[in-house]
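Reading through the structure tokens given below for one structure.
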Amino acid sequence: MENQRIRLTKQLLRESLIDLLADNSIHKISVREICDKAQINRTTFYKYYGSPYDLLRDIEDTVLEQIETWLSGKANQEMDDMRQLTQIAAFMNENLSLCRLLINNTVDSQFAQRLLRLPNIQRLLGEQLSGEYQEEDIEYMYQFVVNGGFFMIKSWINKDVREAPEKIAALLLRSVGKILE
Numbered sequence: 025m026e027n028q029r030i031r032l033t034k035q036l037l038r039e040s041l042i043d044l045l046a047d048n049s050i051h052k053i054s055v056r057e058i059c060d061k062a063q064i065n066r067t068t069f070y071k072y073y074g075s076p077y078d079l080l081r082d083i084e085d086t087v088l089e090q091i092e093t094w095l096s097g098k099a100n101q102e103m104d105d106m107r108q109l110t111q112i113a114a115f116m117n118e119n120l121s122l123c124r125l126l127i128n129n130t131v132d133s134q135f136a137q138r139l140l141r142l143p144n145i146q147r148l149l150g151e152q153l154s155g156e157y158q159e160e161d162i163e164y165m166y167q168f169v170v171n172g173g174f175f176m177i178k179s180w181i182n183k184d185v186r187e188a189p190e191k192i193a194a195l196l197l198r199s200v201g202k203i204l205e
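Read in order, the letters of the sequence shown correspond to residues 25 to 205 in my numbering.
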């Protein structure tokens with residue numbers, strides 16, 4: 025278990041990278057820049073991360089863990105699909121700059137798959153698809169729904185004036201519903 029100082033140091037490094045990514049590609053960000061912005065020694069950076077890419081992966085992992093932890097909560101498991109999807113969209117809306125950064129990130133093309141393969145999201149989609157498709161077709165349909173849904177979310181999150189989280193959640197569910205008809 026990490027102590028408070030380690031958590032604070034990592035948080036400062038994460039925030040610094042996020043700030044730098046607002047103006048630069050990760051390919052152009054050096055460890056020195058991250059450390060200067062965080063006011064942390066480079067030796068300390070290398071104690072926890074091997075590169076800016078490792079730090080970005082840590083940021084992604086943290087967001088995915090937050091979403092999965094939230095979805096795993098008893099109160100949230102009792103919510104219907106619409107309410108859960110609305111809550112995820114609201115989280116993205118409230119953490120707009122971070123979510124834009126992660127969703128638009130071209131360094132880790134697997135982030136979308138990792139997000140939409142979270143156990144609770146996969147379970148929800150699997151339940152929907154299993155009654156409608158043969159076993160060998162489910163993976164194809166899952167990919168279709170996941171990738172289409174991801175690009176809908178990506179378009180929504182990148183708009184300057186976005187619809188309410190409830191509206192995008194309803195549109196996603198309606199789209200999936202049409203596929204399952």
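We put the CB at the ideal spot given by N, CA and C, even for glycine.
It should be emphasised that the depicted structure is a prediction, and the values quoted were computed from it without experimental measurement.
Tell me whether I30 is buried or exposed, calling it buried when 16 or more other Cβ atoms sit within 10 Å of its Cβ. exposed
For E84, count the other beta carbons within 10 Å of its own beta carbon; 16 or more makes it buried, fewer makes it exposed. Which is it? buried
Please classify G173: is it buried, with 16 or more other beta-carbons within 10 angstroms of its beta-carbon, or exposed? With a threshold of 16 other beta carbon atoms within 10 Å, G173 meets it and is buried.
Spatial neighbours of L41 within its chain, please: C-beta separation below 6 Å, excluding the five flanking residues on both sides. I58 and L79
Along the chain, where does the alpha helix (DSSP H) that runs through G172 open and close? E159 to N182
Please say whether M116 and A208 have beta carbons closer to each other than 9 Å? This structure leaves residue 208 out entirely; the chain is present only between 25 and 205.
If you pair each beta-carbon of the stretch 120 to 127 with each one of the stretch 36 to 54, do three or more pairs fall below 8 Å? yes
Below 7 Å CB to CB, which residues in the same chain sit around I50 once its five sequence neighbours on both sides are set aside? P76, Y77, L80 and V131
If you compare alpha carbons, which of Q167, I192 and E151 is closest to S179? I192
So, for F69: in the same chain, excluding its five sequence neighbours on each side, which residues have a beta-carbon less than 6 Å away from its beta-carbon? Result list for F69: V55 and C59, in chain order.
With burial defined as no fewer than 16 other Cβ atoms inside 10 Å of the residue's Cβ, what is the status of F135: buried or exposed? buried
Q134 by DSSP, collapsed to three states: which one? coil
Under 9 Å between C-beta atoms of L95 and L197: no
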